[in-house]
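Report on the following structure.
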Amino acid sequence: MPVIVTDDPVATRRFYEEFLGFDVVMEEDGFLMFSSPSVATTQVIVVWRSPTALDPAARQLTMSLEVRDVDAAYADARRRDLEIVHPLTDEPWGIRRFFVREPSGAVINVASHIADLPAGEESSAVNPPLPKLDQETIISTVVDQG
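Per the working numbering, the very first residue in the sequence shown carries number 5; after that it's consecutive.
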């Protein structure tokens, strides 16, 4: 899914919600994910600079792709000597991911949901697995720290 970097998150949110009719499916400081109500797999991420953003690295991205096996994709990227921009990492919001630069220079987030990975692969990333957090817990944590 594409990643849009904005300096005006309010206007950008209005565009996707009011003009396109998309639903907010994930919201946290510095990050919104929208989904089409008619085709749920049509999604877009909007990010902006925020000193308390849970995922400030998302501003580097051009696109986010979900793969079946992120560990295999990471191993293949290293084998091909592709530029790894962000190491394979388990994130507190339940994904394992890495960033890779593709040939045109775009930075791609390659990710899998940790719960969807094959059995026995829960701890092969750089960081140990973290507890899964739901959106409400993430938002309340950000609010408490702000």
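Even for Gly, the Cβ is constructed at its ideal location relative to N, Cα and C.
Please read these numbers as outputs of a predicted model, since none were measured by experiment.
Cβ-Cβ separation between Phe35 and Leu58: approximately 7 Å, consistent with a contact (criterion under 8 Å). Residue nearest to Arg63 within the set Pro122, Ile112 and Ile118 is Ile112 (criterion: CA-CA distance). Listed in chain order, the non-local C-beta contacts of Tyr20 below 6 Å within the same chain comprise Phe26 and Phe38, local neighbours out to five positions each way being set aside.
Between Pro122 and Asp73, the C-beta gap is smaller than 8 Å, which places the two residues in contact. Residue environment for Thr16: buried (at least 16 other C-beta atoms within 10 angstroms of its C-beta).
Taking a 10 Å sphere around the C-beta of Asp120, we find fewer than 16 other C-beta atoms and assign the residue as exposed. In the displayed model, Phe35 falls within a strand according to three-state DSSP. Only buried fits Ser68, as 16 or more other CB atoms lie within 10 angstroms of its CB.
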